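Colleague: Residues 0 to 463 (numbering that gives the first Met the number 0) make up the sequence shown, in order.
No residue lacks a Cβ here, since even glycine has one placed at the ideal position from N, Cα and C.
Keep in mind that this is a model prediction, so the values were computed, not measured.
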Amino acid sequence: MHAAVTFAFWLPTRYTYPNTAPTYGAQPKTRSSFAFLVNCQDYCVCPQCDLIWRTRKEIYLSFDNLGLSPRLLEAVAAMGYTSPTPIQRDAIPMVIEGRDVVGCAQTGTGKTAAFVLPLMQRIEAKPGGPRALVVTPTRELAGQIEEVALQVAKHTKHRVAVVYGGVGYEPQIKALKRGVDVLVATPGRLLDLMERKVANLSNVEILVLDEADRMLDMGFWPQVRKIIATIPPERQNLLFSATMSSDVMRVVSSTLHDPVRVEVAPAATPIEMIDQRVYPVGGQQKSQLLVHLIKEQNLDRVIVFTRTKHRADRVAKVLHQAGIRSAAIHGDRSQSQRQSALDNLKSGRCRVLVATDVVARGIDIDDVSHVVNYDLPNTPDDYVHRIGRTARAGKSGTAVSLLAPEEHETLRDIETKVGAVLDTHDAEGFDYSHARLVPNPERLAARSVRTVYSSSRGRGRRRR
Ligand code: AMP
0 MHAAVTFAFW LPTRYTYPNT APTYGAQPKT RSSFAFLVNC QDYCVCPQCD LIWRTRKEIY
60 LSFDNLGLSP RLLEAVAAMG YTSPTPIQRD AIPMVIEGRD VVGCAQTGTG KTAAFVLPLM
120 QRIEAKPGGP RALVVTPTRE LAGQIEEVAL QVAKHTKHRV AVVYGGVGYE PQIKALKRGV
180 DVLVATPGRL LDLMERKVAN LSNVEILVLD EADRMLDMGF WPQVRKIIAT IPPERQNLLF
240 SATMSSDVMR VVSSTLHDPV RVEVAPAATP IEMIDQRVYP VGGQQKSQLL VHLIKEQNLD
300 RVIVFTRTKH RADRVAKVLH QAGIRSAAIH GDRSQSQRQS ALDNLKSGRC RVLVATDVVA
360 RGIDIDDVSH VVNYDLPNTP DDYVHRIGRT ARAGKSGTAV SLLAPEEHET LRDIETKVGA
420 VLDTHDAEGF DYSHARLVPN PERLAARSVR TVYSSSRGRG RRRR
């Protein structure tokens with residue numbers, strides 16, 4: 000009891016720790032470090048406060064104290080995770096406690112495990128499922144969630160199935176008929192299967208809405224509402240969204256019961272790990288510069304973002320002609336084409352994936368070394384999402400933006416969003432034969448973006 004009270008003392012006040020004592024399982028190491036912490040608190044003027052601090056950090060950074068059962072801890076260890084990410088640390092205890100959770104976190108923060116691990120602890124593996132339903136906007140995300148759920152299920156013996164459009168019905172129908180505990184689905188195909196009376200959601204106890212903001216953006220909300228209407232209202236709801244706009248909150252507020260909000264600063268951590276570079280270039284020379292950079296710097300595992308599907312195809316073609324193995328993925332590509340492009344990048348068969356924003360936002364590929372903004376994105380938020388494809392799970396990465404003269408305004412908005420002036424670079428050995436516009440070098444000396452741009456932005460607003 001004393002231990003539990005002491006532990007609560009060290010947690011930031013905004014946490015409501017589960018009423019039940021944390022599960023330690025067979026973790027004597029943690030038990031002893033925990034005891035050490037108690038001792039130190041007992042003697043609060045501790046001559047070794049450095050040690051106290053380290054012990055506290057250990058407790059924060061361990062999965063052992065989140066309330067996960069020994070089986071789930073086994074799964075965590077098998078997945079190779081040694082310490083929880085912030086969203087996992089915050090969300091897992093709340094989900095285990097049975098609370099509704101609103102998680103504001105983007106892909107790359109470890110959010111999938113943040114809901115998969117505790118939900119699999121809460122639901123029983125037994126006939127009559129699914130007991131947990133995860134609704135997510137894209138097939139790629141559904142596949143990634145399934146992958147994590149299957150890894151955990153090896154230890155918990157839950158049955159996991161995934162249903163999404165663009166592929167045949169038969170295997171999915173068979174999987175549902177065999178019985179499923181955790182169902183991962185995109186909205187359209189799930190509704191389809193419900194209408195065919197193959198999917199029955201009347202025993203769902205936990206509903207996860209993943210990437211709620213994107214489902215809203217992509218116009219899926221009417222379908223999601225229909226799905227929600229068939230699930231028993233006394234369920235637990237978990238909602239994850241990269242952004243928590245008032246639109247999202249408006250549409251989901253009636254679904255949630257007294258939710259706990261957990262949040263990781265959107266992209267703040269990844270951005271610090273990313274070397275963000277701007278290469279000013281004439282618009283006509285972008286493809287040449289891209290080829291030059293990839294070859295010159297011997298880049299591998301690159302994702303190149305373009306504004307349109309057409310440009311994605313064109314860039315992939317140029318790269319191909321230059322002898323750089325690449326593939327394009329966008330909304331016009333079939334599911335199998337998209338999947339094989341992703342597999343090829345993962346396996347190293349291709350070096351570059353050229354993608355549009357809609358498809359690429361949820362892609363989870365480890366070790367992407369470079370993200371290239373062939374075109375700057377339409378919104379600063381998209382920039383943050385794009386560059387978040389690199390520097391995953393604590394690694395570093397590089398984001399390169401090819402800056403055409405007409406994109407300077409967009410760059411300003413991005414710099415304001417990320418709170419930094421991005422470094423401008425020249426590509427060594429590249430023949431800049433077309434006119435380009437290099438951003439004012441003085442802005443590099445400025446310490447704050449606000450100082451650099453506030454006057455011109457202010458004038459712009461007044462004119463309107
Ligand atoms: P997600 O945000 O769920 O797409 O996760 C992004 C990446 O982080 C995936 O490649 C996960 O395997 C990895 N990941 C998730 N949780 C952890 C963790 N606790 N430690 C290390 N890597 C993790």
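Decide if the segment 181-194 is in contact with the segment 80-99; the criterion is three or more beta carbon pairs, one per stretch, under 8 Å apart.
Modeller: Counting Cβ pairs under 8 Å, fewer than three are found: no touch.
Colleague: Taking the beta carbon of Ser-333 as the centre, do at least 16 other beta carbons fall within 10 Å, making it buried, or is it exposed?
Modeller: One-based indexing of the sequence shown puts residue 333 at position 334. By the neighbour-count rule (16 or more Cβ atoms within 10 Å), Ser-333 is not buried but exposed.
Colleague: Pull the bridge partners of Ala-398 from the DSSP assignment, please.
Modeller: Start at 1 with the first residue of the sequence shown, and residue 398 comes out as number 399. Partner(s): Gln-275, Val-370.
Colleague: When you measure from the CB of Ala-112 to every non-hydrogen atom of the ligand NAD, does any distance come out below 7 Å?
Modeller: As presented, the structure is devoid of the ligand NAD, carrying the ligand AMP as its sole ligands.
Colleague: Between the Cα of Gln-235 and those of Glu-96, Gly-330, Val-247, Asp-191, spot the shortest distance and give me the residue it belongs to.
Modeller: As a position in the sequence shown, residue 235 is number 236, starting the count at 1. Checking every option, the nearest Cα to that of Gln-235 belongs to Glu-96.
Colleague: At a cut-off of 7 Å, is Gln-150 close to the ligand AMP when judged by its beta-carbon and the heavy atoms of the ligand?
Modeller: Residue mapping note: residue 150 aligns to position 151 of the sequence shown, counting from 1. It does not: the Cβ of Gln-150 is nowhere closer than 7 Å to a heavy atom of the ligand AMP.
Colleague: Provide the residue(s) that pair with Glu-262 in DSSP beta bridges, ordered along the chain.
Modeller: As a position in the sequence shown, residue 262 is number 263, starting the count at 1. Paired residue(s): Cys-103.
Colleague: Answer with buried or exposed for Lys-400, where buried requires no fewer than 16 other C-beta atoms within 10 angstroms of its C-beta.
Modeller: Translated into the one-based positions of the sequence shown, residue 400 becomes position 401. Reading the sequence as shown, one finds Ser at residue 400 and not Lys. Its Cβ being crowded by 16 or more others within 10 Å, Ser-400 is buried.
Colleague: By Cβ distance below 7 Å, which residues in the same chain neighbour Arg-435 in space, the five residues on each side in sequence not counted?
Modeller: Locating residue 435 in the sequence shown gives position 436, counting from the first residue. Counting only Cβ-Cβ distances below 7 Å, and skipping sequence neighbours, we find Pro-279, Val-280, Gly-281, Pro-404.
Colleague: Checking the sheet assignment: what are the DSSP bridge partners for Asn-297?
Modeller: One-based indexing of the sequence shown puts residue 297 at position 298. Its beta-bridge partners do not exist; DSSP assigns none.
Colleague: Going along the chain, which residues of its own chain have a beta-carbon closer than 6 Å to the beta-carbon of Glu-73, five neighbours each way excluded?
Modeller: As a working mapping, residue 73 is identified with position 74 in the sequence shown. Here the set comprises His-154.
Colleague: What does the alpha-carbon distance come out to for the pair Lys-473 and Gly-187?
Modeller: Residue 473 lies beyond the residue range present for the chain, which begins at 0 and ends at 463; the question has no answer from this structure.
Colleague: Report the rounded CA-to-CA distance for Arg-138 versus Leu-200, giving the unit in angstroms.
Modeller: Numbered from its first residue, the sequence shown carries residue 138 at position 139. Numbered from its first residue, the sequence shown carries residue 200 at position 201. For Arg-138 and Leu-200, the distance between alpha carbons rounds to 20 Å.
Colleague: Quick check: what's the CA-CA separation for Glu-123 versus Ala-160?
Modeller: Locating residue 123 in the sequence shown gives position 124, where the first residue counts as 1. Locating residue 160 in the sequence shown gives position 161, where the first residue counts as 1. So the two alpha carbons sit approximately 15 Å from each other.
Colleague: List the endpoints of the continuous beta strand (DSSP E) containing Ser-240.
Modeller: On the sequence shown, position 241 is the one that residue 240 refers to. Per DSSP, Ser-240 belongs to the beta strand (DSSP E) from 235-240.
Colleague: Give me the Cα-Cα distance between His-256 and Arg-98, rounded to the nearest whole angstrom.
Modeller: Locating residue 256 in the sequence shown gives position 257, where the first residue counts as 1. Locating residue 98 in the sequence shown gives position 99, where the first residue counts as 1. Answer to the nearest angstrom: the Cα atoms are 8 Å apart.
Colleague: Grouping DSSP H, G and I as helix and E and B as strand, with all else coil, what is Leu-189?
Modeller: For the purposes of this step, residue 189 is taken as the residue at position 190 of the sequence shown. Looking at Leu-189 - three-state DSSP - the assignment turns out to be helix.
Colleague: Taking DSSP's pairing of strands, which residues face Val-133 in a bridge?
Modeller: Taking the first residue of the sequence shown as position 1, residue 133 is located at position 134. Per DSSP, Val-183, Val-207.
Colleague: Where does the unbroken alpha helix (DSSP H) through Ala-174 begin, and where does it stop?
Modeller: The count along the sequence shown starts at 1 and reaches residue 174 at position 175. Its alpha helix (DSSP H) spans residues 169-177.
Colleague: Go through its chain and collect everything with a Cβ distance to Leu-410's Cβ below 8 Å, but skip five positions before and after it.
Modeller: The count along the sequence shown starts at 1 and reaches residue 410 at position 411. These residues qualify, in order along the chain: Val-277, Leu-375, Ser-400, Leu-402, Leu-421, Pro-438.
Colleague: With burial defined as no fewer than 16 other Cβ atoms inside 10 Å of the residue's Cβ, what is the status of Arg-130: buried or exposed?
Modeller: If you number the sequence shown from 1, residue 130 lands on position 131. Buried.
Colleague: If we count the other Cβ atoms within 10 Å of its Cβ and call it buried at 16 or more, is Asp-41 buried or exposed?
Modeller: Taking the first residue of the sequence shown as position 1, residue 41 is located at position 42. With a pLDDT of only 26 at Asp-41, under 50, the local geometry of the prediction cannot be trusted, and the value read off the model is given with reservation. It counts as exposed.
Colleague: Does the Cβ of Gln-320 have 16 or more other Cβ atoms within 10 Å, making it buried, or fewer, making it exposed?
Modeller: What you label residue 320 is simply residue 321 of the sequence shown in a count that begins at 1. Its Cβ having fewer than 16 others within 10 Å, Gln-320 is exposed.
Colleague: Using the C-alpha atoms, what's the distance from Gly-387 back to Phe-527?
Modeller: No information on residue 527 is available, as it lies outside the stretch 0 to 463 that the chain covers here.
Colleague: Can you tell me where the alpha helix (DSSP H) holding Val-166 begins and where it ends?
Modeller: Taking the sequence shown and counting its residues from 1, one reaches residue 166 at position 167. No alpha helix (DSSP H) holds Val-166; DSSP gives it neither H nor E.
Colleague: Among Gln-87, Arg-121, Lys-125, whose alpha-carbon lies nearest the alpha-carbon of Ala-113?
Modeller: Your numbering for residue 113 matches position 114 in the sequence shown. Comparing Cα positions, the closest option is Gln-87.
Colleague: Does DSSP put Phe-219 in a helix, a strand or coil?
Modeller: Sequence index remark: in the sequence shown, residue 219 carries index 220 (1-based). Of the three classes helix, strand and coil, the one that applies to Phe-219 here is coil, per DSSP.
Colleague: Could you spell out where the beta strand (DSSP E) holding Ser-325 opens and where it closes?
Modeller: Residue mapping note: residue 325 aligns to position 326 of the sequence shown, counting from 1. Counting along the chain, the beta strand (DSSP E) containing Ser-325 begins and ends at 325-328.
Colleague: Can you have a look at Asn-372 and say buried or exposed, based on whether 16 or more other CB atoms are within 10 angstroms of its CB?
Modeller: Locating residue 372 in the sequence shown gives position 373, where the first residue counts as 1. Looking at its Cβ environment, which holds 16 or more other Cβ atoms inside 10 Å, Asn-372 is buried.
Colleague: Would you say the segment 160-178 touches the segment 238-247, given that touching needs at least three Cβ pairs under 8 Å?
Modeller: Result no; under three Cβ-Cβ pairs closer than 8 Å.
Colleague: To the nearest angstrom, how far is the alpha carbon of Thr-185 from that of Leu-288?
Modeller: Translated into the one-based positions of the sequence shown, residue 185 becomes position 186. Translated into the one-based positions of the sequence shown, residue 288 becomes position 289. Their backbone Cα atoms lie some 38 Å apart in a straight line.
Colleague: Identify whether Leu-436 lies in helix, strand or coil by the three-state DSSP scheme.
Modeller: As a working mapping, residue 436 is identified with position 437 in the sequence shown. Correct three-state label for Leu-436: coil.
Colleague: DSSP three-state label for Phe-114, please.
Modeller: The sequence position of residue 114 within the sequence shown is 115, counting from 1. If DSSP states are grouped into helix, strand and coil, Phe-114 belongs with the helices.
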